[in-house]
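J.: Every letter in the sequence shown is one number past the one before it in UniProt numbering, and letter 305, counting from 1, is 305.
We put the CB at the ideal spot given by N, CA and C, even for glycine.
The structure under discussion is supplied below as structure tokens; questions concerning it will follow.
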Amino acid sequence: MTLPPSLIDDPATAGALAAVLSAATVGESRLSAALVPCVLRPLLAELGAQVAEGGGTVAVTGRGLGGLRSPETPLDARAVPGALGPLCGLLAGHAVSAVVRADRLPDGLVATLERAGAQVVVGGSTTAPLLTVRGTASPLAPDCGGPAALPPAAAMAALAVGLTAPGESRVALPPALAGVAFDLLAAFGVPVRLEPAGAVLDLVVTGEAETAPAALPADWPVTPVWLAALDHGAGPLTVAIDGPAAAGKGTLARAVAARLGLAYLDTGLLYRATGLAVRRAGGSPDDPAATEQAARALSPDDLNDPALRGEAAGDAASRVAAIPAVRAALLEFQRAFAAQPPDGARGAVLDGRDIGSVVCPEAPVKLFVTARVETRARRRFLELRERGTEVIESRILRDMEERDARDRSRSVAPLVPVADAVVLDTSDLDRDGALSAALALTGARVWAWHHACARADGRAGPPGAPGATDTGSTGDS
Numbered sequence: 001m002t003l004p005p006s007l008i009d010d011p012a013t014a015g016a017l018a019a020v021l022s023a024a025t026v027g028e029s030r031l032s033a034a035l036v037p038c039v040l041r042p043l044l045a046e047l048g049a050q051v052a053e054g055g056g057t058v059a060v061t062g063r064g065l066g067g068l069r070s071p072e073t074p075l076d077a078r079a080v081p082g083a084l085g086p087l088c089g090l091l092a093g094h095a096v097s098a099v100v101r102a103d104r105l106p107d108g109l110v111a112t113l114e115r116a117g118a119q120v121v122v123g124g125s126t127t128a129p130l131l132t133v134r135g136t137a138s139p140l141a142p143d144c145g146g147p148a149a150l151p152p153a154a155a156m157a158a159l160a161v162g163l164t165a166p167g168e169s170r171v172a173l174p175p176a177l178a179g180v181a182f183d184l185l186a187a188f189g190v191p192v193r194l195e196p197a198g199a200v201l202d203l204v205v206t207g208e209a210e211t212a213p214a215a216l217p218a219d220w221p222v223t224p225v226w227l228a229a230l231d232h233g234a235g236p237l238t239v240a241i242d243g244p245a246a247a248g249k250g251t252l253a254r255a256v257a258a259r260l261g262l263a264y265l266d267t268g269l270l271y272r273a274t275g276l277a278v279r280r281a282g283g284s285p286d287d288p289a290a291t292e293q294a295a296r297a298l299s300p301d302d303l304n305d306p307a308l309r310g311e312a313a314g315d316a317a318s319r320v321a322a323i324p325a326v327r328a329a330l331l332e333f334q335r336a337f338a339a340q341p342p343d344g345a346r347g348a349v350l351d352g353r354d355i356g357s358v359v360c361p362e363a364p365v366k367l368f369v370t371a372r373v374e375t376r377a378r379r380r381f382l383e384l385r386e387r388g389t390e391v392i393e394s395r396i397l398r399d400m401e402e403r404d405a406r407d408r409s410r411s412v413a414p415l416v417p418v419a420d421a422v423v424l425d426t427s428d429l430d431r432d433g434a435l436s437a438a439l440a441l442t443g444a445r446v447w448a449w450h451h452a453c454a455r456a457d458g459r460a461g462p463p464g465a466p467g468a469t470d471t472g473s474t475g476d477s
């Protein structure tokens, strides 16, 4: 199970951060040769790391945070895509000096280093700048949170500085890159968490932590380290996705399930399937006995019937949903689906309006997907217009506002985020951005879930990551 490369922003930048982090970690970390190209290895050696290759893997034995040395010759980063930012950031957070050759001066890099307390002198030319970086043993924690993301080089520099800076460093990244960076830092035992911030995710790093060696998957970052946690006895993963109408939760839930190879359950179809089954059997959707029997006879395959999207199924659904016995039977169905996903899937994604609060309150991943009501009304208006339905946008907006008020104030399972849910606002995200953010936040919660399970029974962390008792990574938002 892998994430498609299309979801990975700038893998070279992520790979350079992995190599630099390995050099700053005591002990041997193992990375794929693709992450540490030949031109990068001399730079790591100049910083004091030992580098050896064998069998398509590069072993980097680092000196640890605070153990770097000043290189005797200039560091040539011109042929190493993505290396300039993390390299300069690591230098800035240590009492070392170095000259770094670059092919250009990325936006925001010098300002980020200087705000952290480093001294930077820029020489050379526009097309071949020379940066003299004099770091400090007491760097200042970067505070570069959303709503706007830093340019990639500046962001990677800020993350590298954050490893040694006291307190918390906050760096805004595009969702896909944030997910990759979180996965990497967590794999090395860095205390880190993700927080949604509009169209970006804030990566919050606690500095001065002792990092631990890691062995990344051969195709990282296409395959995140956190996916390995799903194969090590923690049980099926349940992803609960709730939210109001037209927030995009259904589309997002299907996409997350498809990307991760999990089973998907659209809970709204259960009532349609029950009502349709009763009608096909010649019964009435208002008959409690017949509808309960139909509800208890449902199977996941019944939810693939195209007729469930029709008007007759919708009318029957509203009638069977009013029968308490049906609701109880379908609650059992949903919980059984999550506990034992069909077709041997390693987990399930359920979307609805009370999944995290009522159906699966113990789910390790809970996302509450929302958007500004004006944005949701606009989406629904465009959706209906594409179907050829004549609607008035202002009326849709008014109806949504009224329904939101009812849903928030109802006495049973009000539609509000539960305390341990992550709120993902998709107002300023396109479909790919929302999916990247959801996957990143899911990965953060899977890390926390796995380590909580590991602490409970004494197991080690996921392969390639430090043991559960060795990391402060929680991923909680």
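#1: Could you check where the beta strand (DSSP E) with residue 499 kicks off and where it finishes?
#2: Excluding the 5 residues flanking D305 on each side, which residues of the same chain have their C-beta closer than 8 Å to its C-beta?
#3: With P324 and R445 assumed to form a contact (beta carbons below 8 Å), what rounded beta-carbon distance in angstroms separates them?
#4: Report all residues from its chain with a CB closer than 7 Å to the CB of L252; omit the five preceding and five following residues, and keep chain order.
#5: Between residue 478 and V204, what straight-line distance do the alpha-carbon atoms span, to the nearest angstrom?
#6: In three-state DSSP terms, what is Q50?
#7: Does the region 164-180 come within contact of the region 140-155, defined as at least 3 CB pairs closer than 8 Å?
#8: Ignore the nearest five residues each way along the sequence and tell me which others in P166's own chain have a CB closer than 7 Å to its CB.
#9: Exposed or buried, which one is V192 when buried takes at least 16 other CB atoms within 10 Å?
#10: Going straight from the alpha carbon of A186 to that of A440, what length do you get?
#11: Considering only residues of the same chain and omitting the five flanking positions on each side of V20, which have a CB-CB separation below 7 Å?
#12: Leaving out the 5 sequence neighbours to the left and right, which residues in its chain are closer than 7 Å to D476 when beta-carbon positions are compared?
#13: To the nearest angstrom, how far is it from the Cα of R376 to the Cα of A246?
#14: With H, G and I counted as helix, E and B as strand and the rest as coil, what does DSSP make of G82?
#15: What's the call for I392, buried or exposed, on a 16-neighbour Cβ count within 10 Å?
#16: In three-state terms, what does DSSP make of E168?
#17: According to the neighbour-count rule (16 or more other Cβ atoms, all chains shown, within 10 Å of its Cβ), is Q119 buried or exposed?
#18: Within a Cβ cutoff of 6 Å, which residues of the same chain sit near A421, ignoring the five residues on either side of it in sequence?
#19: To the nearest angstrom, how far is it from the Cα of G347 to the Cα of A258?
#20: Can you tell me whether S138 is buried or exposed, with buried defined as 16 or more other CB within 10 angstroms of its CB?
#21: Anyone know if the C-beta pair for G56 and S32 falls short of 8 Å?
#22: Any idea which residues DSSP pairs F193 with across the strands?
#23: Alpha carbon to alpha carbon, how far is T127 from V133?
#24: For the 8 Å Cβ check, are there 3 or more pairs between the region 381-395 and the region 286-305?
T.: Put simply:
#1: Within the shown structure, residues of the chain are numbered from 1 to 477, placing residue 499 beyond reach of any answer.
#2: Scanning its chain for C-beta atoms nearer than 8 Å, with the 5 sequence neighbours on each side dropped, one finds around D305 the residues A273, L276, in chain order.
#3: Not a contact, Cβ separation roughly 33 Å.
#4: If we look at L252 and ignore the five residues flanking it on each side, its Cβ neighbours are I241, V369, A434, L435, A438.
#5: In the structure as shown, the chain starts at 1 and stops at 477, and residue 478 therefore has no counterpart that could be examined.
#6: In the structure shown, Q50 sits in a strand (DSSP, three-state: E or B).
#7: Yes, the region 164-180 is in contact with the region 140-155.
#8: Closer than 7 Å at the Cβ level, and outside the excluded window around P166, lie A141, G207, E208.
#9: So V192 ends up on the buried side.
#10: Across the structure, A186 and A440 are spaced so that their CA atoms are roughly 12 Å apart.
#11: Around V20: P86, L87, L90, A160.
#12: Residue placement at D476 is poorly supported in this model, since its pLDDT is 41, which falls under 50; the coordinates are not used for a value here.
#13: Straight-line spacing of the CA atoms in R376 and A246 works out to 5 Å.
#14: When DSSP states are grouped into helix, strand and coil, G82 belongs to the coil group.
#15: With fewer than 16 other Cβ atoms from the protein chains shown falling within 10 Å of its own Cβ, I392 counts as exposed.
#16: Residue state, collapsed to three classes: strand.
#17: Exposed: under 16 other Cβ atoms inside 10 Å.
#18: Shown here for A421: same chain residues with a beta carbon closer than 6 Å to its own, the five before and five after excluded, namely G356, K366, F368 in chain order.
#19: Straight-line Cα distance between these residues: approximately 11 Å.
#20: By the Cβ-count criterion, S138 is exposed, with fewer than 16 other Cβ atoms from all chains shown falling within 10 Å of its own Cβ.
#21: Yes. Within cutoff.
#22: Per the sequence presented here, residue 193 reads as Arg, with Phe not at that position. V204, per the DSSP bridge assignment.
#23: When the Cα atoms are used, T127 and V133 turn out to be separated by approximately 18 Å.
#24: Result no; under three Cβ-Cβ pairs closer than 8 Å.
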